[in-house]
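Letter 101 of the sequence shown, counting from 1, is numbered 100 in numbering that gives the first Met the number 0, and no numbers are missing.
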Amino acid sequence: MARILGFDYGRARIGVAMTDASQIIVSPAFVMPVEKKLVEAVKKIKAKTDPQGPYELLVVGLPLLLNGKEGDMAIEARKFAQLLEQEFQLPVVLWDERLTSAQAERLMKDDDRTRKQRAQSIDTLAATLILQNYLDAKFIRKQQI
């Protein structure tokens, strides 16, 4: 079985997580800084993740507003998802990620690291939560069949 990659898109940084080959365990992978062009960050992500492949699916967090509508960040996340799909030539699932960054911050609130160090960990933890939530929902759907 191939791995699945999960992403927490942000304007400054993108958190990346991945499953193991059995698609059971999700682990934080790395944070990719977004400098000038998003397309360059996507190419760097592909180069950094290729050695751990193969992959069968990409899951991108879709930051919907609390009312369920799409704001500016959701539109940007969709654009990011399109770039990933083109670069990886794999299907992309957009996954509702409302409050995952807040959940990641709560999980790390007692951390003694600097704010910058915590921010990078929050991005990878948020990507991990997005991917884990996707896998949990997929497992529940299988159980209901």
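Beta carbons are placed, not taken as given, at the ideal position from N, Cα and C, and that holds for glycine. Small disclaimer: the values here were computed from a predicted structure and weren't measured.
Item to check | At least three beta-carbon pairs within less than 8 Å, the stretch 70-89 to the stretch 3-19 | outcome: At 8 Å Cβ cutoff, the stretches touch.
Next on the checklist: Judging by CA-CA distance, which residue of Lys42, Glu96 and Gln51 is the nearest neighbour of Leu65?
Outcome noted: Glu96
Checklist entry - Between Glu34 and Ser26, what straight-line distance do the alpha-carbon atoms span, to the nearest angstrom? => result 25 Å
Item to check | Buried versus exposed call for Gly14 [16 or more other C-beta atoms within 10 Å across all chains shown] | outcome: buried
Item to check | DSSP-derived helix/strand/coil call for Thr113 | outcome: coil
Checklist entry - Would the beta-carbon of Ala1 fall within 9 Å of that of Glu55? => result The answer is yes: Cβ separation under 9 Å.
Checklist entry - Which of helix, strand or coil does DSSP assign to Met17? => result strand
Checklist entry - At which residue ranges does the stretch 8-94 contain complete beta strand (DSSP E) runs of 3 or more residues, listed in the order of the chain? => result 12-18, 25-32 and 54-61
Checklist entry - What are the residues that DSSP puts in a beta bridge with Arg2? => result Tyr54
Checklist entry - Taking the alpha carbon of Arg12 as the point to measure from, which residue in Gly52, Leu57, Met72 and Val30 has its own alpha carbon closest? => result Val30
Item to check | Burial state of Ser120, where buried means 16 or more other Cβ atoms lie within 10 Å | outcome: buried
Item to check | Residue environment, Ala136, which counts as buried when at least 16 other CB atoms sit within 10 Å | outcome: exposed
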